[in-house]
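Mind the numbering: the sequence shown is residues -24 to -1, 1 to 192 in mature numbering (1 follows the signal peptide of the UniProt record, and there is no 0), read in order.
We treat Cβ as the ideally placed atom computed from N, Cα and C, and that holds for glycine.
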Amino acid sequence: MKTRFTLTSLALASLMMMGNTAMAVTTSNGNFNVTINLTGQCEAVEVAGGSAALAEATAKQNGDEITQGADINFGEHVAKSGATAVDGTSRGTTTSGIKVTCSKNMPFSIALESTNQPGATGEGLMNGVTTGNSDTIGYQLYKPTVSSAGSWQNTVTASTDYSDANKWGKDSNALSLYGKGYDSPMVIPVLARVPANSLDKYLDRYQDRVKVTLSW
């Protein structure tokens, strides 16, 4: 009987060891990805100003303020020889002007082109609004100052750079920027200059319309 009891104890110990082995957990690790791909886009450019009504308003020769937003008004000057250059900038504010909304870090460009004198260099021509007046006054468009260029952190401010290298037109002369996100639309000022000795002309109001093209 003593021998039998010993065998039974050994069998019980063996069963307990088998039970512990069955309870052991073996793990193997792996990974999977969670991803989303965002593509960029821009909204159509918004230009406050340049309305067709401006053509009618130009008939008023009383010096009334008739431009707004992205429009450039060089003001009132005496028609005479020897006049100095006249500088102007768009009347855009934080809520009007050339406003562009693009996805953050989305590259885009803005091209400008005169209606009266189409071309790539940003040269424009203002025609007199009075019938029979064949005189014209030329002007040149210029880009604003761009800080932190090449990234979505870029900002634009009015410039005083009237060099040939800063001409704003189309193609290679277009303005290149990056979007700041849909919560941060960019309002972009436009500079322009009437060259010296350009005002010895027929008494009249002169005007042109500028085409603005947004590409992305």
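Spatial neighbours of residue i in its chain, beta-carbon cut-off 7 Å, leaving aside the 5 residues before and after
i	result
Thr97	Lys143, Gly145 and Asn149
Leu179	Ala55
Ile48	Gly64, Thr65, Ser66, Val166 and Ala168
Gln93	Glu99, Gly100 and Leu101
Cβ-Cβ separation, residue j to residue i (assumed contact under 8 Å), whole Å
i	j	result
Val122	Leu153	7 Å
Ile74	Val10	39 Å between Cβ atoms; not a contact.
Thr91	Arg185	4 Å
Leu175	Ala59	4 Å
Gln116	Ala172	Contact flag wrong, Cβ pair sits at about 12 Å.
Met82	Gly16	3 Å
Beta-carbon proximity check, residue i vs residue j, cutoff 8 Å
i	j	result
Leu190	Val76	yes
Lys119	Ser139	no
residue 204	Phe84	Nothing can be reported for residue 204: it is not among the residues displayed for the chain, which extend from -24 to 192.
Host beta strand (DSSP E) of residue i (start-end)
i	result
Ser85	Pro83 to Ser90
Gln17	First-last for Gln17: undefined, no H or E at that position.
Ile48	No beta strand (DSSP E) holds Ile48; DSSP gives it neither H nor E.
Thr121	Thr121 to Ser123
Ser139	Premise fails: Ser139 is in no beta strand (DSSP E) and is neither H nor E.
Arg185	Where Arg185 is concerned, there is no enclosing beta strand (DSSP E), given that its DSSP letter is neither H nor E.
Thr60	Segment: none, Thr60 is in no beta strand (DSSP E) and carries neither H nor E.
Thr112	Thr112 to Tyr118
Ala168	Leu167 to Val170
Gly100	Glu99 to Gly104
Lys75	Ile74 to Val76
Cβ-based neighbour list, residue i, same chain, cut-off 8 Å, excluding 5 preceding and 5 following
i	result
Thr133	Pro120, Thr121, Ser123 and Pro165
Gly104	Ser110, Asp111, Thr112, Lys177, Tyr178, Asp180, Arg181 and Tyr182
Ser127	Asn81 and Tyr154
Contacts around residue i, its chain only, beta-carbon distance under 6 Å, and the 5 residues preceding and following it disregarded
i	result
Lys36	Low local confidence applies: a pLDDT of 39 at Lys36 is under 50, so the model's placement there is unreliable, and no value is given.
Thr131	Ser123
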